[in-house]
Amino acid sequence: MNNLKTILVITGLILYISSCSQRQNPSVSELLNNKSQQVSIMTYIANNHQMMTNMLSHMTDNGHAMQMMMQNGPMMQGVMNMAEKDSISGQSMMNMMMQQQGMMNMMMSKIMQNPEMIKTMMNMISQNPGMMKMMQEKSMMGGKGMMH
2 MNNLKTILVI TGLILYISSC SQRQNPSVSE LLNNKSQQVS IMTYIANNHQ
52 MMTNMLSHMT DNGHAMQMMM QNGPMMQGVM NMAEKDSISG QSMMNMMMQQ
102 QGMMNMMMSK IMQNPEMIKT MMNMISQNPG MMKMMQEKSM MGGKGMMH
């Protein structure tokens, strides 16, 4: 009888402890509704190279995200400045745009409307001579120079 009580008590304790340790995971929307958790998540993604690479991939695959980025002039200028200072980033950006003709056309249109961006683009081209040839081959500039 004592053994049965001991087994029941131990079984009860095990069940109680296991039920306490099982925490329900909140849904993504529940996590992101909390502003401080949202900021923490975004900061974590921005500071983690692999996560940021994945995020950028998702953003470039999303038409709405691409449109928002393209319409944000200061952000576009920042991207151009980053690409100008870092030839690897610039080349990576060009490769990404080569795969998405619509995005490239929209970006070239935006660049042509902004003299500062034209200057930045010219500097990038002067540092990467193959870039002009590649752009002409892909008809991004209508087979013409930057200032036609």
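Our numbering applies: residue 2 is where the sequence shown begins, and numbers increase by one.
Note that beta-carbon positions come from the ideal geometry of N, C-alpha and C, so glycine has one too.
Here P27 carries a coil assignment [DSSP, helix/strand/coil]. In terms of Cβ geometry, M104 and M136 do not form a close pair [threshold 7 Å].
The same chain holds no residue with a CB closer than 6 Å to that of G13 once the five nearest residues on each side in sequence are set aside. A distance below 8 Å between beta-carbons, with the five flanking residues on each side excluded, links M53 to the following residues of its chain, in chain order: I46, A47.
If one requires a minimum length of 4 residues, the alpha helix (DSSP H) runs lying completely within the stretch 72 to 138 are 74 to 86, 88 to 99, 102 to 113, 116 to 128, 131 to 138, in chain order. Non-local beta-carbon contacts of M133 in its own chain, meaning distances under 6 Å to residues more than five positions away in sequence, involve I126 in chain order.
For N48, the enclosing alpha helix (DSSP H) starts and ends at 36 to 48. In the same chain as H59, and ignoring 5 residues on each side of it, the C-beta atoms closer than 8 Å to its own belong to A66, in chain order.
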